[in-house]
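S.K.: Keeping their order, the protein sequence lines are chains A, B, C, D, E and F. Each residue of the first sequence is one higher than the last, beginning at 1 in this note's numbering. Each residue of the second sequence is one higher than the last, beginning at 1 in this note's numbering. Each residue of the third sequence is one higher than the last, beginning at 1 in this note's numbering. Each residue of the fourth sequence is one higher than the last, beginning at 1 in this note's numbering. Each residue of the fifth sequence is one higher than the last, beginning at 1 in this note's numbering. Each residue of the sixth sequence is one higher than the last, beginning at 1 in this note's numbering. Glycine is no exception: its CB is placed at the ideal position from the N, C-alpha and C atoms. Got a structure for you, written out below as structure tokens; questions coming shortly.
There are 6 protein chains.
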Amino acid sequence: MPIVEIHMMEGRPVEVKARLVEEVTRAVADTLNVKPEQVRIILHEMDPHHYAIGGTLWADRG
Amino acid sequence: MPIVEIHMMEGRPVEVKARLVEEVTRAVADTLNVKPEQVRIILHEMDPHHYAIGGTLWADRG
Amino acid sequence: MPIVEIHMMEGRPVEVKARLVEEVTRAVADTLNVKPEQVRIILHEMDPHHYAIGGTLWADRG
Amino acid sequence: MPIVEIHMMEGRPVEVKARLVEEVTRAVADTLNVKPEQVRIILHEMDPHHYAIGGTLWADRG
Amino acid sequence: MPIVEIHMMEGRPVEVKARLVEEVTRAVADTLNVKPEQVRIILHEMDPHHYAIGGTLWADRG
Amino acid sequence: MPIVEIHMMEGRPVEVKARLVEEVTRAVADTLNVKPEQVRIILHEMDPHHYAIGGTLWADRG
Numbered sequence: 001m002p003i004v005e006i007h008m009m010e011g012r013p014v015e016v017k018a019r020l021v022e023e024v025t026r027a028v029a030d031t032l033n034v035k036p037e038q039v040r041i042i043l044h045e046m047d048p049h050h051y052a053i054g055g056t057l058w059a060d061r062g
Numbered sequence: 001m002p003i004v005e006i007h008m009m010e011g012r013p014v015e016v017k018a019r020l021v022e023e024v025t026r027a028v029a030d031t032l033n034v035k036p037e038q039v040r041i042i043l044h045e046m047d048p049h050h051y052a053i054g055g056t057l058w059a060d061r062g
Numbered sequence: 001m002p003i004v005e006i007h008m009m010e011g012r013p014v015e016v017k018a019r020l021v022e023e024v025t026r027a028v029a030d031t032l033n034v035k036p037e038q039v040r041i042i043l044h045e046m047d048p049h050h051y052a053i054g055g056t057l058w059a060d061r062g
Numbered sequence: 001m002p003i004v005e006i007h008m009m010e011g012r013p014v015e016v017k018a019r020l021v022e023e024v025t026r027a028v029a030d031t032l033n034v035k036p037e038q039v040r041i042i043l044h045e046m047d048p049h050h051y052a053i054g055g056t057l058w059a060d061r062g
Numbered sequence: 001m002p003i004v005e006i007h008m009m010e011g012r013p014v015e016v017k018a019r020l021v022e023e024v025t026r027a028v029a030d031t032l033n034v035k036p037e038q039v040r041i042i043l044h045e046m047d048p049h050h051y052a053i054g055g056t057l058w059a060d061r062g
Numbered sequence: 001m002p003i004v005e006i007h008m009m010e011g012r013p014v015e016v017k018a019r020l021v022e023e024v025t026r027a028v029a030d031t032l033n034v035k036p037e038q039v040r041i042i043l044h045e046m047d048p049h050h051y052a053i054g055g056t057l058w059a060d061r062g
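In structure tokens:
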């Protein structure tokens with residue numbers, strides 16, 4: 001505890017994911033006053049055909 | 001807000017997914033009285049080996 | 001299958017929730033070509049202090 | 001109802017997943033006093049680059 | 001890892017929840033060959049007005 | 001997009017939650033190179049009887 005889930009578009013390089021989990025862990029640990037080791041993060045990558053806003057698939061939005 | 005997640009078996013064509021998000025967005029927007037643009041939908045596709053009912057994997061159910 | 005989760009602000013009356021699940025079930029069943037009885041829906045109601053856009057809690061947005 | 005989601009590292013063989021859902025269904029059905037057929041399980045497999053503890057990706061932890 | 005989420009109807013006594021997490025942890029640890037301490041479980045309790053099958057709220061099903 | 005879910009123990013004051021969403025939004029926006037307004041965060045607060053590690057409820061761990 002805490003456990004973080006991040007839903008994001010697929011396609012970012014691993015280095016970006018590594019920085020993302022590092023920065024989000026720091027933000028969570030600092031504000032909730034827990035040790036970084038207590039913070040777990042799950043990344044859910046999404047295909048542009050699996051996300052929609054306003055009834056239109058992300059892949060079909062200009 | 002609102003954010004909808006739909007867990008479904010993999011394998012449907014993109015056209016079906018496009019109609020799905022369109023119809024679900026309309027249903028949510030109409031009943032919750034929000035604008036369609038406020039509705040976000042995430043589709044989680046599942047492999048038949050990653051879903052089970054009654055202790056049996058979907059892939060193994062006749 | 002399919003299983004739908006809807007994250008929404010708290011406070012709507014039960015009648016609205018009843019219409020929501022009815023309409024969303026119809027939309028999912030019709031487009032994915034499954035029986036309505038196969039569709040399960042979970043509603044996650046949120047306190048305005050538990051949702052944020054752009055780094056600001058919903059409760060604090062004008 | 002109940003609906004179980006299991007987030008786990010990718011790579012286990014199907015036989016292990018079959019035993020997993022069988023055993024978890026039994027544990028849930030027995031303790032919650034419901035029929036096994038009422039228990040649904042979704043497996044979310046994760047790439048080691050999509051899980052982090054303490055700000056470090058699982059793939060990068062020794 | 002692994003992380004388990006269990007969506008269940010509200011109202012069970014704490015003793016039942018304690019046995020549930022104990023049994024599910026054993027099932028997961030044994031079949032996935034991980035230590036019990038590695039298994040985390042989140043229980044999501046639901047109000048009968050927040051779950052639906054076939055377009056009808058659980059609370060309204062006879 | 002992106003959408004973040006944070007599962008955390010209940011009981012923190014609103015000010016802590018406000019700082020949490022502000023800092024996590026900054027971390028996500030900076031590393032994924034998106035605008036803060038694109039980042040949505042859902043907080044899931046948990047009762048100590050609804051989280052377990054190693055088969056023991058958080059409430060029962062010394």
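When the Cα atoms are used, what is the spatial distance from B:W60 to D:V28?
M.R.: Looking at the sequence itself, residue 60 of chain B is Asp, so the reference to Trp does not match. Going from the Cα of B:D60 to the Cα of D:V28 covers about 20 Å.
S.K.: Using CA atoms only, rank isn't needed, just tell me which of C:E23, C:P48, C:T31 is closest to E:T56.
M.R.: C:E23
S.K.: I'd like to know if D:I3 contacts chain C, where contact means its C-beta is closer than 8 Å to some C-beta of that chain.
M.R.: yes
S.K.: Might you give, ordered along the chain, the residues of its own chain that have their beta carbon closer than 6 Å to the beta carbon of E:R40, omitting 5 neighbours on each side?
M.R.: I3
S.K.: Per DSSP, E:L43 is paired with what?
M.R.: E:I6
S.K.: Using a C-beta to C-beta distance shorter than 8 Å, which residues of chain F count as neighbours of E:T25?
M.R.: Identification of chain F residues near E:T25 by a Cβ-Cβ cut-off of 8 Å yields A52, G54, G55, ordered along the chain.
S.K.: DSSP puts C:T31 in a beta bridge; with which residues?
M.R.: Paired residues: none, contrary to the question.
S.K.: Determine which residues of the stretch 26 to 46 of chain D have a Cβ less than 9 Å from any Cβ of chain A, and write them out in chain order.
M.R.: H44, M46
S.K.: Please list, in chain order, the residues of the stretch 7 to 21 of chain E that have any C-beta partner in chain F closer than 8 Å.
M.R.: The residues in question are V14, K17, A18, V21.
S.K.: Comparing alpha-carbon positions, which option in B:A52, B:L20, B:Y51 lies nearest C:V34?
M.R.: B:L20
S.K.: Is the beta carbon of D:M8 closer than 8 Å to that of D:E37?
M.R.: no
S.K.: Among all the DSSP beta bridges, which residues are the ones paired with F:T56?
M.R.: F:I53
S.K.: Hey, C:E15 and C:D47: beta-carbon distance below 8 Å or not?
M.R.: A distance of 8 Å or more separates the beta carbons of C:E15 and C:D47.
S.K.: In whole angstroms, what is the alpha-carbon distance linking E:L43 and D:T25?
M.R.: 15 Å
S.K.: In whole angstroms, what is the alpha-carbon distance linking A:T31 and F:A18?
M.R.: Here the alpha carbons of F:A18 and A:T31 stand approximately 9 Å from one another.
S.K.: Taking only the alpha-carbon atoms, compute the straight-line gap between B:I53 and C:E5 and give it to the nearest angstrom.
M.R.: 18 Å
S.K.: In angstroms with no decimal places, state the Cα-to-Cα distance between F:M1 and D:P13.
M.R.: Between F:M1 and D:P13, the C-alpha separation is close to 33 Å.
S.K.: How about D:I53: is its Cβ closer than 7 Å to a heavy atom in the ligand MG?
M.R.: Annotation note on the ligand MG: not contained in the displayed structure, which lists no ligands.
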